[in-house]
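Undergrad: Pasting in a structure now, in structure tokens, and then I'll have a few things to ask.
See the structure below:
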């Protein structure tokens, strides 16, 4: 092999090797960073430092001078940004720094940016027509866990006794939709098992929030095949009997 040709091949090999190394470096420094843990970034350079600090000391949000109802505060601020400031995030930032001097404005802005990112992702989930309502609830809950540390999550999404019945009904709807030929006995078993799992030690309080409409929907889902063959009068008495039966069976 001629010397010049050999040198050319070696040069091209070195050039390809350098290109691969450079590509790997770019991926590591820039592209890989965008796939980091969403909880570790609020996706805004102005709030990045404060969001990182909040991971270690989220309790500052419960300190003096901070909103007592964080979810209401964030939703109100979102409305102002959308309608009053025409979506201008810079005006939101300026408003917070003016209204909450010292560190508070920066901290609240970091939380707001994370909240808006959560909202954007939730909208994508809700617009997905290919998944059930229960799958949407599960996906939204998972997003909350990924983006917000536990204490901040509890401040923005405080537990309420109406939440478990909503999850339970969505779960049953999802099961019936995916198992249309299942028998009422199996549907009832699945329902009661999930109810025990969701209500846990707060059974009395949560059950007090179950509405008559909730039980009617549950009975209609579990006993859909049986109800289909009845007259309207028979359905009324059957629903009533099955509702009472479900309440009793839950405690047995």
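Numbering (the working numbering), first residue to last: 597 to 848.
Note that beta-carbon positions come from the ideal geometry of N, C-alpha and C, so glycine has one too.
1) Is the CB-CB distance between residue 799 and residue 767 below 8 Å?
2) Since residue 647 contacts residue 735 with CB under 8 Å, what's their CB separation in whole angstroms?
3) Would DSSP call residue 701 helix, strand or coil?
4) Taking 6 Å as the limit between beta carbons, can you name the residues of its chain near residue 780, skipping five residues before and five after?
5) What number of angstroms, rounded off, separates the C-alpha of residue 679 from the C-alpha of residue 691?
6) So, residue 700 versus residue 730, is the Cβ gap smaller than 8 Å?
7) Among the residues of its own chain, which have a CB less than 8 Å from the CB of residue 538, if the five just before and after it don't count?
8) Buried or exposed: which applies to residue 777, given that a residue is buried once 16 or more other Cβ atoms fall within 10 Å of its Cβ?
9) Can the beta-carbon of residue 653 be found closer than 8 Å to that of residue 705?
10) Taking the Cβ atom as the reference point for each residue, do residue 811 and residue 842 lie within a distance shorter than 8 Å?
11) Please give me, in chain order, every unbroken run of the beta strand (DSSP E) with length at least 3 that falls completely inside the region 768-801.
12) Is the CB of residue 687 under 8 Å away from at least one CB in chain D?
13) So, with DSSP's three-state summary, where would you put residue 640?
14) Starting from the Cα of residue 698, find the closest Cα among 660, 708 and 665 and give me that residue.
15) Can you have a look at residue 765 and say buried or exposed, based on whether 16 or more other CB atoms are within 10 angstroms of its CB?
TA: From the atom records:
1) Position 203 of the chain shown, counted from the first residue, corresponds to residue 799. Position 171 of the chain shown, counted from the first residue, corresponds to residue 767. Against a cut-off of 8 Å, the Cβ pair of residue 767 and residue 799 comes out as no contact.
2) Within the chain shown, the letter at position 51 stands for residue 647. Within the chain shown, the letter at position 139 stands for residue 735. Contact doesn't hold; Cβ gap of about 23 Å is too wide.
3) On the chain shown, residue 701 is found 105 positions in, with the first residue counted as 1. Note: residue 701 maps to helix in three-state DSSP.
4) As a first step, residue 780 must be located in the chain shown, where it is residue number 184. Excluding sequence neighbours, residue 780 sits near 818 and 819.
5) In the chain shown, residue 679 corresponds to position 83, counting from 1. In the chain shown, residue 691 corresponds to position 95, counting from 1. Roughly 14 Å between the two C-alpha positions.
6) Residue numbering aside, residue 700 sits at position 104 when the chain shown is read from its first letter. Residue numbering aside, residue 730 sits at position 134 when the chain shown is read from its first letter. No, the Cβ-Cβ distance between residue 700 and residue 730 is not below 8 Å.
7) In the structure as shown, the chain begins at 597 and stops at 848. Residue 538 is therefore absent and cannot be evaluated.
8) Here residue 777 refers to the residue found at position 181 of the chain shown. Under the 10 Å beta carbon count, residue 777 is surrounded by fewer than 16 other beta carbons and is classified as exposed.
9) By one-based count along the chain shown, residue 653 stands at place 57. By one-based count along the chain shown, residue 705 stands at place 109. Cβ atoms of residue 653 and residue 705: not closer than 8 Å.
10) For the purposes of this step, residue 811 is taken as the residue at position 215 of the chain shown. For the purposes of this step, residue 842 is taken as the residue at position 246 of the chain shown. Pairing residue 811 with residue 842 gives a Cβ-Cβ distance under 8 Å.
11) Runs of the beta strand (DSSP E) inside the region 768-801: none found.
12) Among the protein chains of the structure shown there is no chain D, as only one such chain exists.
13) As a working mapping, residue 640 is identified with position 44 in the chain shown. Here residue 640 sits in coil by DSSP.
14) Here residue 698 corresponds to residue number 102 of the chain shown, with the count starting at 1. Residue 698 has its Cα closest to that of 660, out of 660, 708 and 665.
15) As a position in the chain shown, residue 765 is number 169, starting the count at 1. Under a 10 Å Cβ-count criterion, residue 765 is classified as buried, with 16 or more other Cβ atoms of the shown protein chains found around its own Cβ.
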